[in-house]
Amino acid sequence: GTTVWRVAFNENGEYVLLIGFTGKRQVWDTKSGDQEKVLAQHRWIPTPGEVRAMGLVSDNSTVDRFYQQTEASEGDVTARAAANGSVEFVDADGQVLQTLAFPENKDRHHRAPCLILGGRFYTGTDDGRVLVYELR
107 GTTVWRVAFN
117 ENGEYVLLIG
127 FTGKRQVWDT
137 KSGDQEKVLA
147 QHRWIPTPGE
157 VRAMGLVSDN
167 STVDRFYQQT
177 EASEGDVTAR
187 AAANGSVEFV
197 DADGQVLQTL
207 AFPENKDRHH
217 RAPCLILGGR
227 FYTGTDDGRV
237 LVYELR
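According to my numbering, the sequence shown holds residues 107 to 242 in order.
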């Protein structure tokens, strides 16, 4: 499939590692949007040492495909994955400020991943897209 299960970035945010349901690992250049290489065509869960060797920061996103970061915060705003496949942005009181709907997200067992890094919000959809939004 083309579902993105995990997203991880190297320290300076130049590259993003996308990990799919099948275990395929792809490295993409975040500025050009070009795919740099495929690390593995089949299932592979890297050890913590392998994660560090790739220049990835293991504490901003795990590469274990059975874990999913369903909330991310910056300041007093939190992005959280909802059961219907959408992502809600809520304030400190839990009041919904904005909702991003993704009708293609049909897998209710694994919600949309949420990551905030460098003033940007990153999420993935069940059809394999990684979406990046500027936070204001």
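Every residue gets a Cβ at the ideal spot worked out from N, C-alpha and C, and that includes glycine.
None of the values given here were measured: they were computed from a predicted structure.
A159 sits in a helix when the DSSP states are folded into three classes. Look at E180 here: in three-state DSSP terms it is strand. The distance from the Cβ of V196 to that of V202 is about 5 Å, consistent with a contact at the 8 Å cut-off. Straight-line measurement puts the Cα of A189 at about 20 Å from the Cα of D199. When DSSP reads this structure, W134 sits in a beta bridge with V122 and Q141. When the Cα atoms are used, V113 and L123 turn out to be separated by approximately 6 Å. Note on geometry: alpha-carbon atoms of Q204 and T184 lie some 11 Å from one another. Per DSSP, the beta bridge partners of F227 are I222 and Y239. Sequence-distant partners of E142 (beyond 5 residues in either direction) whose C-beta falls short of 6 Å from its own C-beta, in its chain, are V133 and D135. DSSP, read as helix, strand or coil, puts N116 in strand. Residue state for E194 is assigned as strand, using DSSP reduced to three classes. Note that the C-beta distance between F208 and G230 is not below 7 Å.
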